[in-house]
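Please read the structure below before turning to the comments.
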Amino acid sequence: MRTKQTIAVLGATGKMGSAIAKSLSKGNYRILLFSRDNTKLGRLKRELRNAVPQADVVSVDCSYNACWEADVIIAAVPYSAEKEVADTIREVANQKIVISVANPVNNNGDALLTPLNTSAAEELQKLLPNSKVIKAFNTMFAADFNQPEIDGKQVDAFIAGNDDDALEIVRDLVQTAGFNPVIAGDLSLSRVLEHMQLLLIRLSIKHNYNRLAGWKILHH
Amino acid sequence: MYELFFKNMTEKVKLTRDQQQMIRQYLVPKKIRKNQYLLQEGDVAKYAAFVEKGALRAYSVDEKGTEHIIQFAFEGWTISDMYSYMTGEPATYNIDALEDSELVLLNKSAQEEILQRVPEYEEYIRLQLTGAFMSMQKRITSMLSLTLEERYIQLTQLYPSLVQRVPQRMIASYMGLTPETLSRVRRKIKERWE
Ligand SMILES: NC(=O)c1ccc[n+]([C@@H]2O[C@H](COP(=O)([O-])OP(=O)(O)OC[C@H]3O[C@@H](n4cnc5c(N)ncnc54)[C@H](OP(=O)(O)O)[C@@H]3O)[C@@H](O)[C@H]2O)c1
Chain C
0 MRTKQTIAVL
10 GATGKMGSAI
20 AKSLSKGNYR
30 ILLFSRDNTK
40 LGRLKRELRN
50 AVPQADVVSV
60 DCSYNACWEA
70 DVIIAAVPYS
80 AEKEVADTIR
90 EVANQKIVIS
100 VANPVNNNGD
110 ALLTPLNTSA
120 AEELQKLLPN
130 SKVIKAFNTM
140 FAADFNQPEI
150 DGKQVDAFIA
160 GNDDDALEIV
170 RDLVQTAGFN
180 PVIAGDLSLS
190 RVLEHMQLLL
200 IRLSIKHNYN
210 RLAGWKILHH
Chain B
0 MYELFFKNMT
10 EKVKLTRDQQ
20 QMIRQYLVPK
30 KIRKNQYLLQ
40 EGDVAKYAAF
50 VEKGALRAYS
60 VDEKGTEHII
70 QFAFEGWTIS
80 DMYSYMTGEP
90 ATYNIDALED
100 SELVLLNKSA
110 QEEILQRVPE
120 YEEYIRLQLT
130 GAFMSMQKRI
140 TSMLSLTLEE
150 RYIQLTQLYP
160 SLVQRVPQRM
170 IASYMGLTPE
180 TLSRVRRKIK
190 ERWE
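These protein sequence lines map, in sequence, to chains C and B.
With numbering that gives the first Met the number 0, letter number 22 in the first sequence gets 21, and the count goes up by one each step, no holes.
With numbering that gives the first Met the number 0, letter number 117 in the second sequence gets 116, and the count goes up by one each step, no holes.
Structure, rendered in C-alpha cells:
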C-alpha cells in the first residue's frame with residue numbers, strides 16, 4: 000500500500016508500546032504516540048527521531064483524538080486497563096482495527112486471569128463491538144523487537160482475528176516490525192496465543208532466557 | 000462527528016432514530032491533517048469520504064508530472080476515486096487534504112449492507128448519484144461551450160468558498176489553465192464589474 004496508514008499507539012512509553020512504535024517507525028506509517036506521562040513521551044519521541052531520522056512520529060495529548068485520526072489502534076496497555084481505554088475510544092474506534100497486545104497474566108506470572116472460555120482479545124471485542132479487534136504482538140517479549148532473529152531464525156508472530164482485510168493489514172505491520180507473521184485463525188484462537196505467552200514467560204523464568212525468546216513453527 | 004452527514008441525509012429522506020443508529024455502526028470517523036493523503040494512485044479506493052469539516056481535492060498526474068485537479072470537496076461533499084471504489088481496480092487519482100479535516104468514511108461492503116437494510120438510504124443514494132451525474136454533465140458542457148469567464152463564474156457558484164480557501168494555482172489546474180491565464184480571466188471579470 001502506498002497510502003500512509005496512521006497508527007495510534009496507546010501506552011506508548013511502556014515496554015511494548017515503545018518497542019512497537021520504534022520498529023514501525025521504519026515503515027511507511029505515521030505514528031501517533033499517546034501516554035498519560037508527557038515527560039516520558041517527549042523523551043520517547045526524541046529517541047525515535049534520533050534512531051530513525053525519517054520517522055513520521057508525533058505525540059498526541061489525548062487518546063480520543065489519537066484514535067480519531069488513526070486507521071489502526073494498538074492497545075499496548077495492561078489487561079486491567081482495557082475497559083477504561085475502550086470506554087474512552089469507543090466512539091472514534093468505530094469500524095477501525097484495534098490490536099490487542101495484552102496477556103492477562105496474574106502478578107505471580109503463573110496463570111491467566113481470564114477463564115478458559117475467553118481471552119483478553121475477546122473481552123476487548125465485547126467492549127468494542129463495532130471495532131475489528133485483532134490479536135497480535137503478544138507471543139514475544141518486548142526485547143525481541145531489537146532482535147527479531149534469535150539463533151539465526153526469524154521469530155514467528157501469531158495473529159488472530161475475524162476480519163480478513165484487517166488481518167492482512169496487521170500482517171504487514173508485523174512484517175515491518177521484523178517478525179514472521181503467522182495468521183492463526185479467528186479471534187477465539189487468542190485463547191491459545193495468550194496461553195502460549197504464559198508458557199514462554201514461565202520457561203523464560205525457569206531457564207533464564209533473559210526475556211529474549213520466541214516461538215518458531217518448524218515445518219517442511 | 001456525524002452531524003452534517005445525517006443532516007444532509009435527513010433533509011432528503013426520512014430516517015427513524017433506529018435507522019440512523021444502525022447506519023452509524025458502519026461509519027468510520029477519521030481526522031486527517033493538511034497535506035496528508037487519504038488515497039494515493041495505485042492503491043484501491045476502499046472508502047468514499049464525506050466531508051464533515053475541512054477541504055480535500057482529487058487529482059491525477061500526467062506523464063510530464065503535471066497535476067490535474069478533478070474535484071474539490073468541502074463540507075457536505077463526498078469524495079473518492081469512484082471508478083476504483085466501484086470496481087476494486089487500482090486508483091488513478093490521488094486524494095489529499097487542503098486543510099485539517101474531519102471525515103466520515105464508508106467502505107463498499109458496509110454501504111451494500113446499509114442499502115439492503117434501509118430502503119430510504121437507497122433513495123438517498125439515488126438522489127446523490129443523480130446530482131453527481133448532473134454536475135458532471137454541467138462540467139463537461141461548460142468545458143466545451145462556455146467562455147473562460149463564464150466557466151470561472153460558474154465554478155465560484157458551485158463552490159462559494161473556493162476562492163478564499165484554495166490557492167489560485169489549484170483553481171487554474173481544475174479549469175485546465177495556466178495560473179497566468181486564470182489571472183487574466185479574473186482581471187477581465189473584475190474590469191467588467193467596475
Ligand atoms: N513486556 C512484554 O514483553 C510483553 C510481551 C507481550 C505482551 N505484553 C503485553 O503488553 C501490554 C503492555 O505491557 P508492557 O510490558 O509494555 O507494560 P508497561 O511497560 O507497564 O507499559 C504499560 C503501558 O500501559 C499504559 N497504561 C497503564 N494503565 C493505563 C490506563 N488505565 N489507561 C491508559 N494507559 C494505561 C501505561 O501508560 P502511561 O505511559 O500512560 O502510564 C504504560 O505505558 C500488557 O498487556 C502485556 O501483557 C507485554
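We put the CB at the ideal spot given by N, CA and C, even for glycine.
Are the beta-carbon atoms belonging to residue i and residue j less than 8 Å from one another?
i, j, result
"residue 186 of chain C", "residue 165 of chain C", "no"
"residue 51 of chain C", "residue 30 of chain C", "no"
"residue 70 of chain C", "residue 201 of chain C", "no"
"residue 100 of chain C", "residue 123 of chain C", "no"
"residue 56 of chain B", "residue 71 of chain B", "yes"
"residue 120 of chain C", "residue 210 of chain C", "no"
"residue 188 of chain B", "residue 120 of chain B", "no"
"residue 116 of chain C", "residue 153 of chain C", "no"
"residue 72 of chain C", "residue 92 of chain C", "yes"
"residue 102 of chain C", "residue 137 of chain C", "yes"
"residue 104 of chain C", "residue 197 of chain C", "yes"
"residue 68 of chain C", "residue 13 of chain B", "no"
"residue 156 of chain B", "residue 145 of chain B", "no"
"residue 6 of chain B", "residue 126 of chain B", "no"
"residue 91 of chain B", "residue 80 of chain B", "yes"
"residue 212 of chain C", "residue 140 of chain C", "yes"
Once the 5 residues before and after residue i are set aside, which same chain residues still bring their CB inside 8 Å of it?
i, result
"residue 94 of chain C", "129, 130, 131"
"residue 4 of chain B", "26, 49, 51, 103"
"residue 54 of chain C", "24, 25, 30, 47, 48"
Below 6 Å CB to CB, which residues in the same chain sit around residue i once its five sequence neighbours on both sides are set aside?
i, result
"residue 26 of chain C", "175"
"residue 169 of chain C", "133, 135, 158"
"residue 65 of chain C", "7, 31, 33, 59"
"residue 93 of chain B", "39, 40, 58"
"residue 3 of chain C", "27, 29"
"residue 118 of chain C", "189, 190, 193"
"residue 194 of chain B", "The structure shown does not extend to residue 194 of chain B, since chain B is modelled only from 0 to 193, so the question has no answer here."
Taking the C-alpha atoms as reference points, what is the distance between residue i and residue j?
i, j, result
"residue 139 of chain B", "residue 150 of chain B", "11 Å"
"residue 13 of chain C", "residue 80 of chain C", "13 Å"
"residue 255 of chain C", "residue 188 of chain C", "Nothing can be reported for residue 255 of chain C, as the shown portion of chain C is limited to 0 through 219."
"residue 112 of chain C", "residue 203 of chain C", "20 Å"
"residue 46 of chain C", "residue 37 of chain C", "14 Å"
"residue 40 of chain C", "residue 57 of chain C", "10 Å"
"residue 24 of chain B", "residue 155 of chain C", "34 Å"
"residue 76 of chain C", "residue 76 of chain B", "38 Å"
"residue 117 of chain B", "residue 181 of chain C", "39 Å"
"residue 28 of chain B", "residue 19 of chain B", "15 Å"
"residue 179 of chain B", "residue 114 of chain B", "47 Å"
"residue 137 of chain B", "residue 128 of chain B", "14 Å"
"residue 15 of chain B", "residue 122 of chain B", "14 Å"
"residue 0 of chain C", "residue 82 of chain B", "18 Å"
"residue 184 of chain B", "residue 162 of chain B", "14 Å"
"residue 160 of chain B", "residue 110 of chain B", "30 Å"
"residue 35 of chain C", "residue 15 of chain C", "15 Å"
"residue 21 of chain C", "residue 85 of chain B", "37 Å"
"residue 125 of chain C", "residue 164 of chain B", "43 Å"
"residue 82 of chain C", "residue 205 of chain C", "32 Å"
Cutting at 7 Å between CB atoms, please list the residues of its own chain near residue i, excluding the five before and the five after it.
i, result
"residue 53 of chain B", "96, 98, 99, 100, 101"
"residue 17 of chain C", "11, 43"
"residue 23 of chain C", "6, 30, 172, 175, 176"
"residue 106 of chain B", "45, 46"
"residue 181 of chain B", "167, 170, 171, 174"
"residue 87 of chain B", "43"
"residue 177 of chain B", "171"
"residue 63 of chain C", "87, 88, 91"
"residue 161 of chain C", "185, 186"
By the criterion of Cβ-Cβ separation under 8 Å, what are the contact partners of residue i in chain C?
i, result
"residue 184 of chain B", "In chain order: nothing, as chain C lies at least about 35 Å away."
"residue 28 of chain B", "67, 90, 91, 93"
Name the chain C residues that come within less than 7 Å of residue i, Cβ to Cβ?
i, result
"residue 107 of chain B", "Chain C residues near residue 107 of chain B: none, gap ~11 Å exceeds 7 Å."
"residue 36 of chain B", "2, 3"
Which bits of chain B does residue i rub up against, with CB to CB less than 7 Å?
i, result
"residue 129 of chain C", "24"
What residues of chain B sit near residue i, judged by a beta carbon separation below 8 Å?
i, result
"residue 1 of chain C", "39, 40, 41, 42"
Within 7 Å: the Cβ of residue i and any heavy atom of ligand 3?
i, result
"residue 46 of chain C", "Annotation note on ligand 3: not contained in the displayed structure, which lists ligand 1 as its ligands."
For residue i, decide whether its Cβ has a neighbour in chain A, counting only Cβ atoms nearer than 8 Å.
i, result
"residue 110 of chain B", "Chain labels in this structure do not include chain A; the protein chains are C and B."
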